[in-house]
Amino acid sequence: MIPLNITAHTTVSAAGHGGSELFDALVEGRSGLRKNDFPHAAIDTWIGRVEGLEQAALEGDWREYDCRNNRLAEMALQQDDFLAAVAGLKQRIASERIGLFIGSSTSGILSTELAYRRRDEHGTLPADYHYRGTHDLYSVTGYLRRRLGLEGPAFTVSTACSSSAKVFADAQRHIAAGLCDAAFVGGVDSLCLTTLYGFHSLELVSEHPCRPCDRARDGINIGEAAGFAIVEKQGADSAGPVLLGYGESSDAYHMSTPHPQGAGAALAMNTALQRAGLTPGQIDYINMHGTATPSNDASEDRGIQSVFGSETPCSSTKGWTGHTLGAAGITEAIIALLCLEHGFMPGSLNTQSPDPQLSSNILRDSRHTGVQRVISNSFGFGGSNCSLIFGTAPC
Amino acid sequence: MLRLFLEAPAVAAPGLDGWPQAAAVLNGATPYEGTALARVAPEILPPTERRRSSATTKLALRVARESRESGSPQDGELATLFASANGDTEILHQLCQSLAEAEPMVSPMRFHNSVHNAPAGYWSIASGSMEASTSIAAYDDSFAAGLLSAAVQASAEQRAVMLVTYDIPFPQPLAPCRPIVADCAVALRLTPQRSRHTLAECTLRFSAEAGEASAMAHPELEALRTGNPAARALPLLAALARQQEGLVVFDYQGGQSLLLELTPC
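Listed in order, the protein sequences are those of chains A and B. Quick note on this note's numbering: the first sequence kicks off at 1 and runs consecutively. Quick note on this note's numbering: the second sequence kicks off at 396 and runs consecutively.
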């Protein structure tokens, strides 16, 4: 496929506001996870909560969009000189030629959850509740489209935990088909009662900081994050990181349990390699989905085995951010870009005793070493899989 | 501009139950009667999944199955794109209701059925397809966004894409916050090459200018078109049913439009 340049990116998660804070946290092994203190959610677990959202109300023209999810989106826009990068992009490319593809699994559902607690005696929702600006799945995309003055093709991708990885595939296709010259991609997912209680009901949340690939791993920590990237058609003088390939697949197996042999995961990874024109041996590092549930990590390990064997270094970064669900794809895509930029492979934080049942080369200690190509995995409920390959230069 | 081929339309909406019956209504051969659509579970779902799946999944799979059966047999390579503005409104209501209780609790099955890609997940289980699938939302223009994206995928990846769009009403108390008039689902296959099932060739153009969206002449069908995001597909279905050359215009997020030039084959 035609590779795309990644010309700017920004991120906010519990592990840091902006790329350099996140990278420092990775290098220092500093987790953003904390004991659950999210209001109205009395669940014994750890979470990746972003500081400062409660004070970051959207005001004036943007009041109708005010909700935790859109506040998080705005916070990410404010990091890493990203708004300047968007302004620069709009000077180079007509706004109707810039696609906007944003992943989210639950959007601003927290606003509806809290409004339901304020129903009156007739069961009516409070007058200050706005469905369209908050809970609606397109809310964050609509907010960004207006906020940034983008006029190209735009939609929200909502495929659970693969959402904001799949937006890169949409960007590549829209550019390859000639509809766009660039795209603004990313994802935003914020803490809410639906996911905290939902994953708890499936017995998938851990009472401890999550331990991906550990023999004692017992579930996820839910996190929240927002991240964006600008991807563009390659110019003659292009430099910097590139999207080399994407692969999408479906498990066709079960709604909330991954295929035990990782067949869907392997298909996504193989398709990404094929599109990139790469062999498995040309990948230096695998950023796993690595949620830290017993079945997810086992399934992904088998998938990795069948494609890469046991040599390629891999790790999960969920120990820093928690599982940020619909924002996991973009958060880990940006981690992959930071790894390429700095020559770094993060060890799997909190993995004390690697599960002997897993045969992938799971990094326990971080490495400062040249990294040319990274594959990033994102897998979601409904068996929705996406793998992305990023590199330092086109092959 | 994208050039592609359309085949295997399917529909489930009040008074439009399956393509053969709907086509006769939409081309004027038989009168429209807006009788409510009965909710049924499509047989393609295995019994366990039929029991577990929710209203939107059943509705989406009903048209997906109809479309698959009337198109070219190429399931192995068929990518799918599910476009819905609101997803499963009934489950969202049930979740928010349970979460407002003094002791919040949600059912695990309800939770996994609440993901926007639940119909896509059930479809892959039912059809056995491990192909790429995505699920998107774009408020009232979810169908136009899905149509353009499916056409982009068919063109960029040179493969057939099944587009499925569906929306159902919200129960109280959310209904007045986001009024949806009735259940509606539509499916359609977009292919990069002509097949023996091709109904029409079309070109699709994204315009930076707003346009006047094509409307339905029949007042009840027009009320359905504007009252359910999935029913924004009706003018395209009507053009396919009439087998007439012409332009179909869709709104795109208020300021832009999507122009589809249709040539029957």
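For each residue, glycine too, the CB sits at the ideal point set by N, CA and C. The structure presented is a predicted model; accordingly, all values stated were derived computationally and were not measured.
By alpha-carbon positions, which one of the options ends up nearest to residue i?
| i | options | result |
| --- | --- | --- |
| residue 433/B | 424/B, 445/B, 453/B, 422/B | 453/B |
| residue 16/A | 123/A, 41/A, 331/A | 331/A |
| residue 371/A | 357/A, 45/A, 388/A, 339/A | 339/A |
| residue 563/B | 639/B, 579/B, 473/B | 579/B |
| residue 476/B | 532/B, 440/B, 605/B | 532/B |
| residue 509/B | 220/A, 98/A, 13/A, 194/A | 194/A |
| residue 137/A | 484/B, 504/B, 545/B | 484/B |
| residue 165/A | 111/A, 289/A, 221/A, 97/A | 289/A |
| residue 87/A | 385/A, 44/A, 150/A | 150/A |
| residue 529/B | 535/B, 539/B, 512/B, 540/B | 512/B |
| residue 408/B | 422/B, 419/B, 431/B, 426/B | 431/B |
| residue 310/A | 316/A, 318/A, 301/A | 301/A |
| residue 218/A | 297/A, 235/A, 146/A, 186/A | 297/A |
| residue 168/A | 63/A, 229/A, 321/A | 229/A |
| residue 8/A | 83/A, 364/A, 146/A | 83/A |
| residue 643/B | 416/B, 604/B, 599/B | 599/B |
| residue 474/B | 590/B, 557/B, 648/B | 557/B |
| residue 443/B | 253/A, 96/A, 55/A | 253/A |
| residue 477/A | 39/A, 22/A, 366/A | Outside the displayed span of chain A (1 to 395) sits residue 477/A, for which this structure offers no information. |
| residue 18/A | 74/A, 47/A, 37/A | 74/A |
| residue 119/A | 524/B, 569/B, 507/B | 569/B |
| residue 396/A | 315/A, 232/A, 307/A | Coverage of chain A is limited to positions 1 through 395, which leaves residue 396/A absent and any answer about it impossible. |
| residue 312/A | 238/A, 241/A, 321/A, 345/A | 345/A |
| residue 526/B | 268/A, 2/A, 55/A, 224/A | 268/A |
| residue 179/A | 540/B, 419/B, 555/B | 540/B |
| residue 277/A | 390/A, 124/A, 386/A | 390/A |
| residue 265/A | 294/A, 373/A, 379/A, 191/A | 379/A |
| residue 538/B | 640/B, 437/B, 614/B, 583/B | 583/B |
| residue 397/A | 28/A, 274/A, 10/A | Since the first and last residues shown for chain A are 1 and 395, residue 397/A lies out of range. |
| residue 354/A | 369/A, 329/A, 385/A, 294/A | 294/A |
Looking only at DSSP bridge pairs, what is residue i linked to?
| i | result |
| --- | --- |
| residue 46/A | 35/A |
| residue 233/A | 4/A |
| residue 386/A | 248/A, 378/A |
| residue 580/B | 407/B, 561/B |
| residue 367/A | 345/A |
| residue 643/B | 655/B |
| residue 315/A | 287/A |
| residue 362/A | 314/A |
| residue 597/B | 399/B, 657/B |
| residue 355/A | Residue 355/A pairs with nothing; no bridge assigned. |
Just confirm the distance between the C-beta atoms of residue i and residue j, as a whole number of angstroms; I'd bet it's less than 8 Å.
| i | j | result |
| --- | --- | --- |
| residue 101/A | residue 181/A | Contact flag wrong, Cβ pair sits at about 14 Å. |
| residue 188/A | residue 114/A | Between residue 114/A and residue 188/A the Cβ distance is about 18 Å, and since that is not below 8 Å, they are no contact. |
| residue 318/A | residue 292/A | 6 Å |
| residue 213/A | residue 362/A | 5 Å |
| residue 5/A | residue 227/A | No, residue 5/A and residue 227/A are not in contact; Cβ-Cβ is about 17 Å, not under 8 Å. |
| residue 13/A | residue 60/A | About 27 Å; that fails the 8 Å criterion. |
| residue 383/A | residue 105/A | With 8 Å as the limit, residue 383/A and residue 105/A do not qualify as a contact, their Cβ atoms being about 15 Å apart. |
| residue 504/B | residue 447/B | 6 Å |
| residue 603/B | residue 651/B | 6 Å |
| residue 429/B | residue 410/B | 4 Å |
| residue 99/A | residue 176/A | Incorrect: roughly 12 Å between the Cβ atoms, too far for contact. |
For residue i, verify whether its CB is less than 6 Å away from any heavy atom of the ligand GDP.
| i | result |
| --- | --- |
| residue 646/B | In the structure on display, the ligand GDP does not appear, and there are no ligands present to speak of. |
| In chain order, what residues of the region 84–118 of chain A put their CB closer than 7 Å to some CB of chain B? | 96, 105, 112, 113, 116, 117
| Going along the chain, which residues of the region 158–191 of chain A sit with their C-beta nearer than 7 Å to a C-beta in chain B? | 158, 159, 160, 166, 170, 173, 174, 176, 177, 179
| Just by C-beta distance, which residues in the region 503–521 of chain B are closer than 9 Å to chain A? | So the list reads 503, 504, 505, 506, 507, 508, 509, 510, 511, 512, 513, 514, 515, 516, 517, 518, 519, 520, 521, given in the order they occur along the chain.
| Inter-stretch contact at 8 Å, needing at least 3 Cβ pairs: the region 571–585 of chain B / the region 487–494 of chain B | no
| message | Quick check: the region 246–266 of chain A against the region 333–352 of chain A, are at least 3 beta-carbon pairs closer than 8 Å? | response | no
| query | What residues in the region 564–578 of chain B bring their beta carbon closer than 8 Å to a beta carbon of chain A? | reply | Residues passing the 8 Å Cβ filter: 567, 568, 569, 572, 573.
| query | Can you find at least 3 beta carbon pairs, one from the region 623–631 of chain B and one from the region 512–520 of chain B, that sit closer than 8 Å? | reply | No contact exists between the region 623–631 of chain B and the region 512–520 of chain B.
| query | Can you find at least 3 beta carbon pairs, one from the region 196–216 of chain A and one from the region 244–252 of chain A, that sit closer than 8 Å? | reply | no
| Would the region 357–368 of chain A and the region 188–202 of chain A be scored as touching if the rule is three or more Cβ pairs under 8 Å? | no
| query | Hey, is the region 270–286 of chain A in contact with the region 411–426 of chain B, meaning 3+ C-beta pairs nearer than 8 Å? | reply | The region 270–286 of chain A makes no contact with the region 411–426 of chain B: fewer than 3 CB pairs, one atom from each, lie closer than 8 Å.
| query | Taking one C-beta from the region 456–467 of chain B and one from the region 397–408 of chain B each time, how about it: are there three or more such pairs within less than 8 Å? | reply | yes
| request: Could you run through the region 233–253 of chain A and flag, in chain order, every residue whose CB is less than 9 Å away from some CB of chain B? | output: For the region 233–253 of chain A, the beta-carbon criterion of a distance under 9 Å to any beta-carbon of chain B is satisfied by 247, 248, 249, 250, 251, 252, 253.
| request: Closer than 7 Å, Cβ to Cβ, to anything on chain A: give me those residues from the region 635–653 of chain B, in chain order. | output: The region 635–653 of chain B vs chain A, Cβ under 7 Å: 648, 650, 651.
| field | Near-chain B residues of the region 145–157 of chain A - C-beta to any C-beta below 9 Å | value | 145, 151, 152, 153, 154, 155, 156, 157
| Along the region 431–453 of chain B, what residues have a CB closer than 7 Å to any CB found in chain A? | none
| request: Residues of the region 585–613 of chain B with a CB closer than 8 Å to any CB of chain A: list them in chain order, please. | output: 601, 603
| message | Any contact between the region 532–544 of chain B and the region 644–655 of chain B? By contact I mean 3 or more CB pairs, one from each, below 8 Å. | response | Contact annotation: the region 532–544 of chain B touches the region 644–655 of chain B, with at least three C-beta pairs closer than 8 Å.
| query | Using Cβ-Cβ distances below 9 Å, what residues of the region 551–562 of chain B are close to chain A? | reply | 551, 552
| field | chain B contacts made by the region 125–139 of chain A, where a contact means CB separation under 9 Å | value | 125, 129, 130, 131, 132, 135, 136, 137, 138, 139
| task | Determine which residues of the region 264–277 of chain A have a Cβ less than 7 Å from any Cβ of chain B, and write them out in chain order. | result | Answer in chain order: 264, 267.
| query | Given a limit of 7 Å on CB to CB distance, which residues of the region 525–544 of chain B reach chain A? | reply | 525, 526, 527, 528, 529, 530, 531, 532, 533, 534, 540, 543, 544
| query | In chain order, what residues of the region 489–501 of chain B put their CB closer than 9 Å to some CB of chain A? | reply | Correct list: 490, 491, 492, 493, 494, 495, 498, 499, 500, 501.
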